[in-house]
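Each residue of the sequence shown is one higher than the one before, counting from 1 in full-length UniProt numbering.
For each residue, glycine too, the CB sits at the ideal point set by N, CA and C.
Single-structure report; data block below.
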Amino acid sequence: MADSPPTTDAPLLRAQNLRTQFGRENPLVAVDGISYDLRAGETLGIVGESGAGKSVSVRSLVGLIDDPGEVTGSVRWRGEELVDASSRKLRAVRGSGIGMVFQNAEAAFDPSLTVGTQIVEAVRASRDLSKQDAHEEAIDLLVEVGIGDPGGRFDDYPHEYSGGMAQRAIIAMALAGEPDLLIADEPTTGLDVSVQAGIVDLFRDLVAERDMSLLLISHDLGVVSQLCERIAVMYAGRIVERGSRKQLLGSPRHPYTQAFLRSVPDVDERKDLEPIGGAPPSLENPPSGCRFHPRCPVAEAGVCDGAAPPTVAFGDGHEATCYAYTDAHPGGDDYDREAVESIRWDADGTEEIGGEEEVER
Ligand SMILES: Nc1ncnc2c1ncn2[C@@H]1O[C@H](COP(=O)(O)OP(=O)(O)OP(=O)(O)O)[C@@H](O)[C@H]1O
Ligand code: NI
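Rendered as structure tokens:
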């Protein structure tokens, strides 16, 4: 659908009401209506517990959900719709515009071919280069991702690489098509802490030097906060809070974000960790209302378990989807209603709830 040419200030990537379900009779809705924009050069991190739908959400963007999965909503890449695009088109976007880095080296590489051969193939798949030029480009990519002795490592097989080196080689593969956006899903998970730090530094350098956008998925808030200017928090298939790194870490608003922050180590300071009580909900049969309400320390019966909660704006793009900031919730002094800028009630918000200014229904 290339009907209207994308305008220059259009976002590079726009996900609107993205929803992914598996199965029909007892559908598991892994991603339940998430939306965000990513502009050129921006870095967005998505955090949340295991099973929140982070990986499914990014795979859904680029046509990597296999058959029983069904993706609806809209994903626009430079203005062009990707949901229901042909697999050829999706492969082309993944080969050039969008580079992908996943956790697992075994899945990224063919074990029977050398790493160098595979990077050359990735380069040639998206760019019209001679074998010789593609070989040189592959060597340059290995240098760029910090692989010492790239000439020597070129002919090694994937299993001959250490975990950290393999991850660097995966990143080189993802760069082969000169992407404008890098999507990285748990790129440091499973690596030693010192190796992780090197990979984080590499991402930071690449984003700066190539002027790329980064969409980073991780359960590791430390990694996300080192690399991303904006952060979205996912819970049970939905985004419950979003804002700048400073807003999210400095003044988290959603009780889930607050609990999540108490459950993970600080980047630079020791504190007592408090695990989040209870278990993540079933996505086949999620709780009504706010999906966090069964585990929420301030959940209010008859409110938080009713209609879907409203999205409350706190200014400068900081939003949380929570009743605690509204008059519907008897609340506690912990919840700063003075800070509320506007409230957007979801479509199924009921009449009795409300009374705030700037209410849109
Ligand atoms: N192919 C599939 N078929 C059925 N269910 C799936 C499929 N892929 C993922 N799911 C389910 O979707 C939900 C979200 O999974 P997802 O992998 O996106 O979570 P995540 O947030 O990335 O977690 P983690 O931190 O463990 O990677 C889970 O309940 C998972 O079991
Ligand atoms: Ni995942």
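query: Go ahead and label P310 buried or exposed: buried means 16 or more other beta carbons lie within 10 angstroms of its beta carbon, across all protein chains shown.; result: buried
query: Quick one: what's got a C-beta closer than 6 Å to G33's C-beta in the same chain, skipping five residues either side?; result: N17 and R19
query: From L191, D180 and G97, pick the residue whose C-alpha is nearest to that of residue 369; which is it?; result: Lying outside 1 to 361, the shown extent of the chain, residue 369 is not represented and no answer is given.
query: Out of curiosity, what's the CA-to-CA distance linking V101 and E136?; result: 22 Å
query: Verify the contact flag: L100, CB atom, against every heavy atom of ligand 1, threshold strictly below 8 Å.; result: It should be noted that the sequence gives Met, not Leu, for residue 100. For ligand 1, not one heavy atom lies less than 8 Å from the Cβ of M100.
query: So what's E241 in DSSP terms, helix, strand or just coil?; result: strand
query: Sorted by chain position, which residues of the same chain lie with C-beta nearer than 7 Å to S112's C-beta, five sequence neighbours on each side aside?; result: none
query: Looking at the secondary structure, which residues open and close the beta strand (DSSP E) in which G45 lies?; result: T43 to V47
query: Quick check: what's the CA-CA separation for P286 versus G277?; result: 17 Å
query: For L206 and chain B, any beta-carbon pair shorter than 9 Å?; result: Although the question refers to chain B, the structure presented lacks it and comprises just one protein chain.
query: Whose C-alpha, out of V58, G222 and V145, is nearest the C-alpha of L249?; result: G222
query: So F22 is in the beta strand (DSSP E); what residue range does that whole segment cover?; result: L13 to F22
query: Could you please give the first and the last residue of the uninterrupted alpha helix (DSSP H) stretch that includes G222?; result: L221 to L227
query: By DSSP's criteria, L214 is part of a beta bridge. Which residues make up the other side?; result: T43 and L182
query: Cβ of residue 440 within 9 Å of Cβ of I239?; result: No answer is possible for residue 440: the residues shown for the chain start at 1 and end at 361.
query: Ordered along the chain, which non-local residues of its own chain (more than five positions away) have a Cβ less than 8 Å from that of A40?; result: L12, D180, D211 and S213
query: Provide the residue(s) that pair with D37 in DSSP beta bridges, ordered along the chain.; result: R14
query: Considering just the uninterrupted stretch of the alpha helix (DSSP H) at A138, what are its terminal residues?; result: K131 to E144
query: Give me whichever residues DSSP pairs with T72 in a beta bridge.; result: R19
query: Between which two residues does the alpha helix (DSSP H) containing S342 stretch?; result: No alpha helix (DSSP H) contains S342, which is instead part of the beta strand (DSSP E) from S342 to R344.
query: Who pairs with Y235 in a beta bridge, going by DSSP?; result: R238
query: Could you work out which residue in V145, S50, L273 and S55 is closest to R262 when comparing CA atoms only?; result: L273
query: Check whether the Cβ of S55 sits closer than 8 Å to any heavy atom of ligand 2, and report yes or no.; result: yes
query: Looking at G164 and V193, is the spacing between their C-beta atoms short of 9 Å?; result: no
query: Determine which residues share a DSSP beta bridge with M100 and list them.; result: I183
query: At a cut-off of 8 Å, is I170 close to ligand 2 when judged by its beta-carbon and the heavy atoms of the ligand?; result: no
query: Only counting the same chain, and skipping five residues up and downstream in sequence, which positions put a Cβ closer than 8 Å to that of I147?; result: R153, M165, R168, A169 and A172
query: T321 bridges to which residues according to DSSP?; result: T311
query: Might you give, ordered along the chain, the residues of its own chain that have their beta carbon closer than 7 Å to the beta carbon of P150, omitting 5 neighbours on each side?; result: I139, L142 and V143
query: Return yes when the C-beta of S50 is under 8 Å from any heavy atom of ligand 2, and no when it is not.; result: yes
query: For H159, count the other beta carbons within 10 Å of its own beta carbon; 16 or more makes it buried, fewer makes it exposed. Which is it?; result: exposed
query: Determine which residues share a DSSP beta bridge with D149 and list them.; result: None, per the DSSP bridge assignment.
query: What residues in its chain sit with their C-beta under 7 Å from that of R124, if we drop five residues either side in the sequence?; result: A134
query: In the DSSP output, what is L28 paired with across the bridge?; result: F22
query: Can you give the beta carbon distance from residue 363 to G99, rounded, assuming they're within the 8 Å contact cut?; result: Residue 363 lies beyond the range of the chain shown here (1 to 361); nothing can be said about it.
query: What first and last residue would you give for the alpha helix (DSSP H) that runs through S282?; result: Taken as a continuous stretch (DSSP letters only), S282 belongs to no alpha helix (DSSP H), as it is neither H nor E.
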